[in-house]
DNA sequence: AATGAATGAGGATTCATTCAT
DNA sequence: AATGAATGAATCCTCATTCAT
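Chains as they are written, first to last, in my numbering: chain A, 0 to 208; chain B, 0 to 208; chain C, 0 to 208; chain D, 0 to 208.
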């Protein structure tokens, strides 16, 4: 089914990808019909099936390419920065930039998580992101920059906090990225550094584990 | 449409709620048909519409009642604890307990966020949760326990980190709650305390600990 | 299925008949569900099926009883009037009175005509009415009061004009019965008397009056 | 929803309109399912919804187009006839022709009157027909050809008589149009001319009003 | 007599996908 | 490459009717 596409064909294909992503994000995957997508573009239904195997296929492609795109940006932003914590900061800031630019995609991955056939690939994509962060964290621990803890867990905490802030303030709200980034970075780095104790300091002696 | 229900009727109704939640969570809202729900219960299709206006209505009810249930548990856990940071810790721990018990519900709110008709109520539910946390944070700031910062943003960071950890380790993984709770609490409290700086401390050498 | 009914039972039964007739007339037969009927009366569904075999059965009974009721009134009005044309006038006036009183029933017979299972009985009812009129007309012709013509056809013309006036001015409009009756009687008697010619009198000059 | 239709598409659409009208007329609107319509045509269910928004929509279109069609014929028959009474006669004769040709449509408007959503448009259609007749009657009154009376009421009486004759002798019976037309025209013109008295001439003095 | 509960066939409608042109 | 037309399984929902109590 891989077609050789003319430049014009590639443009068409991208146009469909973009429009579909927009509609899926706005109304949801299921409530958006193939008919609506092609109608919005003012083309016949045949066009859609010329470029994509199926609606599901299209959605998977949107998922994959957006996760790749985000990762590319993160890596470009990190460059060859030697300080692992600084790398994390740069990654967070780059992510937030990307999230702002592609805020409509939030809903897509949210949704993908809720149906098994999509959740699988979503999990793979996420694993890559978590891996990246985990590597930085391990290095920071090795350097003694942050206390030893399960790095994967920290990575998830970090990613969770960042995404949620992004969703709230860049997608639903419209707060300047830098402001969100400052809070995110501050919170996350604080969390990484302070993570030794499992409870409120001082209210009672920290539980040793 | 409010019906007077006999005890038997109430039981049936609850049975449908539970089974539907399970199926929605497992396969997704759209891929789960009303027919499947009633078939699973071994009853006729009419039964569903005797107890619920529509599939959508049922879903909204699941959403609402689960968010209420969670909040009830949080408040019970917090009790009249005077220390605001300790209240947050207790809230996080209670939430994680609840998440473990109701892990299948994760997908439901994930999904709800992706379609406007559901997103509306989801946002309202979430606002309540964020408000609760925000109140504690303000108090902690007034007491000088944590640095001054936008409390709502911190609340979102906190909630995001907690939920993501829960989803990862309680839903997809099967890590003991306490362990996850310790990391979550540590990360969050660290994040709250350390939030003053907007970047990596230390182009200068890392603070020894 | 003929039940022996207590007085209370008979009242209940009539209550259902009345309420159903009202709802059928207002919304149509199909759009009115048995559930709505019993809900309006504030009783359970069992009540309905205690008194009637089926929805269809109920409808047929309404049809039959209203046509009987109308005929009773007509005959009472006519009494033993010897003049056949006068009998027709009295019949028309009585009918219009009845139509005003039971205007909601118009839609029921309209509807009944559109589905075979009901049309059959409707036709029988109508045949009785047409027969009555036809008898008067034959007598009037025999007496030389009106020109000879197919009496059944005249009867239908008469009935059609009367009913349509009733529907328009007593059901949709709210004109005094007497006024409608005067026009109806005038038109109908004129029609009966003038019926000799099959076209416009007067390529020749219009008769001055 | 306006589609651009190819000639083939237009033919299909018309085919559906015709078949549906036939079935609705024969069995009634509700007892005729969309499935039956498309099955009769030997096409898939989707075809129906390609050409019509809904079953209701289709029905409304049948109603509208048939009333337009009838009116077109009436006007063509009347041409520029100067005599208003002659115009009425021509209109009646043309209508009866049309009724014979489209006798199956009788039930449709009968039915339409019984449900509010359809009754509305039916009333509008009817108003046009009554208006046409009313104009002729006013002219005839102005010319002194017929006695002064409420022209709209006469119009309704006329229309009622004509339609009822048509329904009885062209739809249920199978009498030659001309015969029915002669009776109808005779009756109606008689009715118009004789309308001065509100009661039986001679049985007793006419009631003055 | 009466109720709430249950049944399940049937109905309108949607929609991903395929086809003929 | 592209279009309008067609397919038909699947979906949500309704409703007359029956049942258990």
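Quick reminder that beta carbons are idealized off the backbone N, C-alpha and C, glycines included.
Annotated three-state conformation of residue 149(B) is coil, per DSSP. Taking a contact to require three or more Cβ pairs closer than 8 Å, the segment 11–21 of chain B and the segment 48–57 of chain B qualify as touching. The alpha-carbon separation between residue 40(C) and residue 148(C) amounts to approximately 51 Å. The CB of residue 30(D) comes closer than 8 Å to the CB of 114 in chain C, given here in chain order.
With respect to residue 92(B), residue 184(B) sits close: the two C-beta atoms are nearer than 8 Å.
In the displayed model, residue 168(D) falls within a helix according to three-state DSSP. Residues of chain A whose Cβ lies closer than 8 Å to the Cβ of residue 163(B) are, in chain order, 155, 156, 158, 159, 160, 162 and 163. Residues 169 and 176 of the same chain have their beta carbon placed closer than 7 Å to that of residue 99(A), with the five preceding and five following residues left out of the count. Among the residues of chain A, those whose CB is under 8 Å from the CB of residue 191(B) are 186 and 189, following chain order. Judged by DSSP secondary structure, residue 58(D) falls within the alpha helix (DSSP H) whose first and last residues are 54–77. Going by C-alpha positions, residue 44(A) is about 14 Å away from residue 31(A). The three-state reading of DSSP puts residue 103(D) in helix, counting H, G and I together.
Every unbroken stretch of the alpha helix (DSSP H) spanning 4 or more residues and falling wholly within the segment 3–60 of chain D is given here in chain order: 6–26, 33–40 and 44–50. In the three-state scheme derived from DSSP, where H, G and I count as helix and E and B as strand, residue 133(A) is classed as helix. Here residue 142(C) carries a coil assignment [DSSP, helix/strand/coil]. When the five nearest sequence neighbours on each side are left out, the beta carbons in the same chain lying within less than 8 Å of the beta carbon of residue 23(C) are those of 31, 58, 61, 106, 107 and 110, in order along the chain. At a beta-carbon threshold of 9 Å, the residues of chain B lying near residue 183(A) are 152 and 156, ordered along the chain. About 7 Å separates the beta carbon of residue 70(C) from that of residue 128(C), a gap short enough to meet the 8 Å contact definition. Counting C-beta pairs with one atom in each stretch, the segment 118–128 of chain A and the segment 114–133 of chain B have fewer than three that are closer than 8 Å, which means they do not touch.
The shortest C-alpha to C-alpha distance from residue 96(C) to any of 76(C), 112(C) and 114(C) is the one to 76(C).
Rounded to the nearest angstrom, the gap between the Cα atoms of residue 189(C) and residue 4(D) is 53 Å.
Taking a Cβ-Cβ cut-off of 9 Å, the neighbours of residue 149(B) in chain A comprise 178 and 182, given in sequence order. In this chain, the alpha helix (DSSP H) harbouring residue 189(D) covers 176–192.
Neighbours of residue 167(A) in chain B, taken as residues whose beta carbon is under 7 Å from its own, are 155 in chain order. Judged by beta-carbon spacing, residue 150(A) lies within the 8 Å limit of residue 136(A), meaning their Cβ atoms are closer than that value. Taking 8 Å as the CB threshold, residue 78(D) stays off the interface with chain C.
The beta carbon of residue 191(D) lies closer than 7 Å to those of 145 and 153 in the same chain, with the five residues before and after it left out. At a cut-off of 8 Å between C-beta atoms, residue 109(D) counts as an interface residue with respect to chain C.
For residue 26(D), the nearest beta carbon of chain C is closer than 8 Å to its own beta carbon. In chain order, 169 and 170 place their CB closer than 7 Å to the CB of residue 102(D), counting only its own chain and leaving out the 5 sequence neighbours on each side. Under the Cβ distance rule, residue 124(D) does not count among the residues neighbouring chain C, no pair being separated by less than 8 Å. The beta-carbon distance between residue 27(D) and residue 55(C), rounded to whole angstroms, is 13 Å. This is too long to meet the 8 Å contact definition. With a contact defined as Cβ atoms closer than 8 Å, residue 161(D) and residue 94(D) qualify at about 6 Å.
The C-alpha of residue 8(D) lies about 22 Å from the C-alpha of residue 47(A).
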